[in-house]
Every structure is written in structure tokens, then in C-alpha cells.
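Going by the UniProt record's numbering, the first residue of the sequence shown is number 1, and it counts up by one from there. We put the CB at the ideal spot given by N, CA and C, even for glycine. What you are looking at is a predicted structure, and each value in this text was computed from that prediction instead of being measured. Down below is the structure, laid out as C-alpha cells.
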Amino acid sequence: METTTQSTSVISPDKHYLNSISALKKEIKARGLYKKDTKMVLLHLCVHCIFTAAGITLFILSTHLLLTLLATALLLVGLLGIGTHTHNSAHYASTNSKKLDDLLSYFGNVVILGFSINYWQYKHNIVHHKNPNIVGHDFDFDFAPFFSVIKSEKDNTPGLHGFYYQYLQGIIFPVAIGFLAFDIQRQGLVYLLGKMRKDKTNIRYYVDLGCHILHVFLWIALPSLWFEISDVLLFYLLRNMLLSYALFFTLGASHLVPEAVFATNDQSSADFFLKQTATTINIHTNGYGNFLMSGLDYQIEHHLFVGVCYTKLPELSKLVKEFCDFNGYSHTTLGMLSSWLKVISVFYNPKPVINDLELSRPPIKTHLS
């Protein structure tokens, strides 16, 4: 169904794209924002891989604490960069070739991170993107029974479980977040093996499983030829724990902060633009932060136009913000540190769930600069 402008002011000819979503899409196409920057995207991935390899090498050779810390930092930013980069490839938004995007997804998501790509594309692309922050549809913020970020759930859970939510989860969650990567790996394997039992002919499942085996070989079996297995496992534990915290803040900041609302189950049928913009925020970063996050700092634009390459999102954001301001949609941007602190705060002061996304609409701005 076509969504038209809610503003009653006259739109100037050069701002015709504010009139409707279809007009906005035409403007995006006219500006070439749907085109992929394949060479730049591949160059970025190479840099992320170089950081990762440099971190591992320096970690092995280091004999000084400061060098070890530098190695750890290089490894972390390299792995995070590969992870955020892979996020785009999993959406087929990195290159003009679906096969190449698949190759990048299997490499980054499975071989490097150890996350099932089939599970990720189901959990993230299909479930989360369709209904972000909608109770009963999006499970990215459903941490029960271990944690609760929903106010009514925390306040109304009885007995020992309620006592735990009220007084203990704030103590335990900072440590538990360190095992997020392991949990994603576990969920992915459970999902993948379950799918393989039901469908023994899908080649994607076998490729996924094969990449998991390659992941174990590269990160555990191969290093064990030169190093003690206990040291290899300890390094892998460190790797996954650091990655867990990085992913938690990078992925969680755009949806867990108070500015990104939670909504009741029935709001899954709300206006698509309203549903995406009310439940998502952008993160303000510098040039390096933008490179490292591979577009995750422009989550609003990514949610609205999934197929747009992350290198185009900064320019797209200007158009989307104008459209949102003029048509009464939220378009919120927070600083990186501010968003991180607010993500943490939600585990101590959970968010309410609203029953009408229309209540989240900001005032319409009829005078745009």
C-alpha cells in the first residue's frame, strides 16, 4: 500500500521525493544509490583480514604486555570488521553477484566467526528485519529466562525468578555478555543440524557444515600442531569473549536503547516505515568508526533499504532524514559512547512496551534546510 506524505505544506519541485515512498525510491535510484561498490567493498574486507592476521601474528610473537594488548586490539577490530562486513554480504548488499556475496558470507560468517550463515539469514534477515523490536516476533531482545529488558516482565515476574530479575541480573549480565559469541555458535549449529535432518538435499546446509569444520580446523586443529592445545583453546576463548562484547555493543546499540521503542505483538501490521524508524536508531561515528561498522551506524537506512550497499548509506541517510522529518517519522542519531551507556542502562532500567507505534511519531517538520 502506498504511503503518502502526512504534511500539508507545499512541496517544492526539487523536493518531490518527499511526497511518497515510491517517489523517494525513484530519487534513490536516480542518484545511483542502488549501485554496488564491489571493488571498494572487497578492499575493505582485505583490510579487515590484514588486521586480523596482524593481530594473531603479533600475539604469537609478543613478549611484552603492551605488544600483547596491541595484538589483542588488532585482532578484535579485524574480527569485528569482518563480522560487520559479512552482515552486508548476508543481505546480498555487498556486490553485484549473489554468488560472490554468498562466498563472502560463508567465509566471514562461518569460516572466520563460526556462525551458521543459514541460521543468521533466518534469524536476522527474515525474522528480525520484518518486525524489529516487536514482542512475539523479534527475539533479538528476548533474553528470558536469564535477563529481561522489558519493564512489565521484570516488574511482574513472581517468586525467585522475579527476585533474580530485580536484584541479580544487573550483576550477572556484564559477565554473561562475554559468552554471546558461543551462544550464537550453539544456536546456529542446533538450527543447522535440525534443518539437515528435515532436508537432506539442500546443498547450502552441507556447505555451511563444511565451513564449520574448516573453522575448527583453522582456529583449533591447525594451531595445535605448533602450540599446546590448552593454549590454543585459551586463545579461542579470549577471541570469542572479546568478539562477544564487540558484537553486543555494535549490534545492540541500534535497537536496545530507550529511543528505539518496544511494541506489542499486534504492531507487526503497522506502517512499514513507522515500524522500522520507531524501533531503530543511527549511531554517530567518525570515518574509522564508519569503516569498522560497515554501515551498522546507519541502521535506519539499512532497515528501510536493505539492498543498498553500506558505502552508499551516508548519502542515503540525508534523503531518508529529510523524508522522515517531513512525514512525521522518527530519525534518531546518538553518539557511540552515549548509545553504549544506554544499552547497559536497559538491563537496570528496562523499557516499556507501547501498544501503538503512532504514539512514537515526532512532530512534522515543514521547514527543511
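Within 8 Å, do at least three Cβ pairs link the segment 41-54 to the segment 205-214? no
For Gly295, name the three-state secondary structure that DSSP assigns. coil
Are Asn263 and Thr280 touching if we call contact CB-CB under 8 Å? Reading off the sequence shown, one finds Ala at residue 263, where the question assumed Asn. No.
Cβ atoms of Leu256 and Phe143: under 8 Å apart, would you say? The answer is no: Cβ separation not under 8 Å.
According to DSSP, is Leu334 helix, strand or coil? strand
Classification of Pro174 by the beta-carbon crowding that lies within 10 angstroms, buried from 16 upward: exposed
Give a yes or no on contact between the segment 55-75 and the segment 327-339, applying the rule of three or more CB pairs nearer than 8 Å. no
For the alpha helix (DSSP H) holding Ile56, just list the boundary residues, first then last. Annotation: the continuous alpha helix (DSSP H) that includes Ile56 extends over Thr38 to Leu61.
Stretch-stretch touch, CB-based, cutoff 8 Å, three pairs: the segment 187-206 with the segment 118-128: The segment 187-206 is in contact with the segment 118-128.
When the Cα atoms are used, what is the spatial distance from Tyr165 to His16? 50 Å
Can the beta-carbon of Pro132 be found closer than 8 Å to that of Gln276? yes
contact_flag[the segment 31-42, the segment 92-99] where n(CB pairs < 8 Å) is 3 or more: A contact exists between the segment 31-42 and the segment 92-99.
Quick check: does the Cβ of Pro352 come within less than 7 Å of any heavy atom belonging to the ligand HEM? Absence of the ligand HEM is noted for the structure shown, with no ligands found whatsoever.
Distance between Leu113 and Val232 (C-alpha atoms, nearest Å): 16 Å
Whole-angstrom distance between Ala54 and Leu74, CA atom to CA atom: It is roughly 7 Å from the alpha-carbon of Leu74 to the alpha-carbon of Ala54.
CA-CA distance, Leu341 and Val127? 27 Å
Just verifying my parser: in three-state terms, what is the DSSP assignment at Ser20? strand
Could you say which of Lys321, His161 and Leu66 lies nearest to Leu24 if we only look at CA atoms? Lys321
For Pro223, does the count of other Cβ atoms within 10 angstroms reach 16, so buried, or fall short, so exposed? Here Pro223 is buried, its C-beta having at least 16 other C-beta atoms within 10 Å.
Meets three-Cβ-pair contact criterion under 8 Å: the segment 287-299 and the segment 343-363: no
What do you reckon, are the CB atoms on His303 and Leu313 nearer than 8 Å? no
Integer Cβ distance of Ile177 from Tyr245, believed to fall under 8 Å: 6 Å
Coil, strand or helix - Phe326 by DSSP: helix
Helix, strand or coil, according to DSSP, for His284 in the structure here? strand
Could you tell me the alpha carbon to alpha carbon distance between Leu69 and Met241, rounded to whole angstroms? 15 Å
Rounded separation between residue 373 and Ser152 - CA only: The chain is shown from 1 up to 369; residue 373 falls before or after that span and cannot be answered.
Let me know the secondary structure DSSP gives Lys200 once reduced to three states. coil
Closest by CA to Pro362, which one among Gly188, Val261 and Leu337? Val261
I'd like to confirm the pairing. Which residues does DSSP put opposite Ala263 in its beta bridges? Ile134 and Ile354
To the nearest angstrom, report how far apart Tyr310 and His161 are at their CA atoms. 42 Å
Candidates His212, Ala270 and Gly252: closest to Val346 by CA position: Gly252
Determine the DSSP secondary structure at Ile150, reduced to helix, strand or coil. strand
Compute the Euclidean distance between the alpha carbons of Cys49 and Ser230, then round it to the nearest angstrom. 25 Å
Just mark Thr201 as buried or exposed, buried being the case when its beta carbon has 16 or more other beta carbons within 10 Å. exposed
How big is the Cα-Cα spacing for Ser62 and Ile28? In this structure, the straight-line span from the alpha carbon of Ser62 to that of Ile28 is close to 49 Å.
For Leu189, the nearest candidate out of Tyr167, Ile172 and Ile117 (CA to CA): With distances taken between CA atoms, Leu189 lies nearest to Ile117 out of Tyr167, Ile172 and Ile117.
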